[in-house]
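Last residue of the sequence shown: 165 in UniProt numbering, with the numbers rising by one and none dropped.
Glycine is no exception: its CB is placed at the ideal position from the N, C-alpha and C atoms.
Bear in mind the structure is a predicted one, so any value in this text is a computation, not a measurement.
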Amino acid sequence: MSSGNMLAIFYFLLEGIGNTLLVTFTCFLSAFLTGLTVAVLRRLSPLPLQKILDVLVFILRGIPILIAVFLVYFGLPSIGIYVSPLVAMNLSVGLISGSYLAEVFRGALKLVEPFEITVAKVAGMRQLQVIINIELPQMLRFSVPGIINEFSSVLKATPFAYTVG
């Protein structure tokens, strides 16, 4: 094999790595934000809305990623919404992985000591201040293994972007 062919192959490999990293990081960012939003909404919402979010997370966790990508990419144009392949991946992987991360965050929120929340409320903090200043920093520390696990799942799901372009 000549050096020109090797350079061309190396260029294509670098381009593929770049595309994989782009899809992985954008999908994981949307999943992280979705999971964090759902976890905080579950914590702040009244019981009926919590149950609705529980059902939604349960349903989304059961949908295969390839089916979701096809539904978003090929289904949305039938109602007049056209999306790029990257946006289709972000929506589908973001929702599905976000639902898994919401469960990770829910479990991590339960690990925060109740007396710390009580002390913060006695100190005069509002509910949102308690969540932002007390619960979220500890939740993120407790959820690092689950976050890394979901990041690897998102990385493994990036080849599905090839199916839509």
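Anticipated Cβ contact below 8 Å, residue i with residue j, distance rounded
i	j	result
Leu60	Ile96	6 Å
Ala161	Phe105	With a Cβ gap of about 26 Å, Ala161 and Phe105 do not count as contacting.
Leu44	Gln138	Rounded, the Cβ-Cβ distance is 17 Å, inconsistent with contact.
Phe142	Leu111	5 Å
Leu101	Ala31	6 Å
Thr26	Leu86	7 Å
Ile134	Ala120	5 Å
Val28	Val154	Looking at the sequence itself, residue 28 is Phe, so the reference to Val does not match. Between Val154 and Phe28 the Cβ distance is about 5 Å, and since that is below 8 Å, they are a contact.
Thr158	Val23	5 Å
Glu103	Val55	Wrong, their Cβ atoms sit about 13 Å apart, outside the cutoff.
Unbroken alpha helix (DSSP H) run spanning residue i, endpoints
i	result
Arg43	Ser3 to Leu44
Phe151	Val144 to Ala157
Gly94	Pro85 to Lys110
Phe115	Pro114 to Val122
Val61	For the sequence presented, residue 61 should be read as Arg rather than Val. That run of the alpha helix (DSSP H) goes Leu47 to Arg61.
Ile131	Looking at the DSSP string, Ile131 is not in any alpha helix (DSSP H), and its letter there is neither H nor E.
Tyr73	Premise fails: Tyr73 is in no alpha helix (DSSP H) and is neither H nor E.
Tyr82	Looking at the DSSP string, Tyr82 is not in any alpha helix (DSSP H), and its letter there is neither H nor E.
Span separating the alpha-carbon of residue i from that of residue j
i	j	result
Asn19	Thr163	14 Å
Ile81	Met89	15 Å
Gln129	Leu66	39 Å
Phe70	Val122	50 Å
Tyr11	Asn5	10 Å
Gly75	Lys156	24 Å
Pro48	Leu7	59 Å
Gly124	Pro114	16 Å
Leu109	Ala68	28 Å
Ile17	Ile9	12 Å
Ile52	Asn149	26 Å
Nonlocal neighbours in the same chain, by C-beta distance under 7 Å from residue i, ignoring five residues either side
i	result
residue 166	Residue 166 lies beyond the stretch modelled for the chain, which goes from 1 to 165, so this question has no answer here.
Gly94	Cys27, Ser30, Ala31 and Thr34
Glu116	Ile134
Gln50	Arg42
Same chain, Cβ closer than 8 Å to residue i, five either side skipped, listed in chain order
i	result
Ile63	Ile96
Cβ shell of residue i (< 6 Å), same chain only, five flanking positions each side left out
i	result
Ser79	Inspection of the sequence shows that residue 79 is occupied by Ile rather than by Ser. Here the set comprises nothing.
Leu13	none
Gly146	Val104
Ser99	Val57, Leu60 and Arg61
Leu91	Val72
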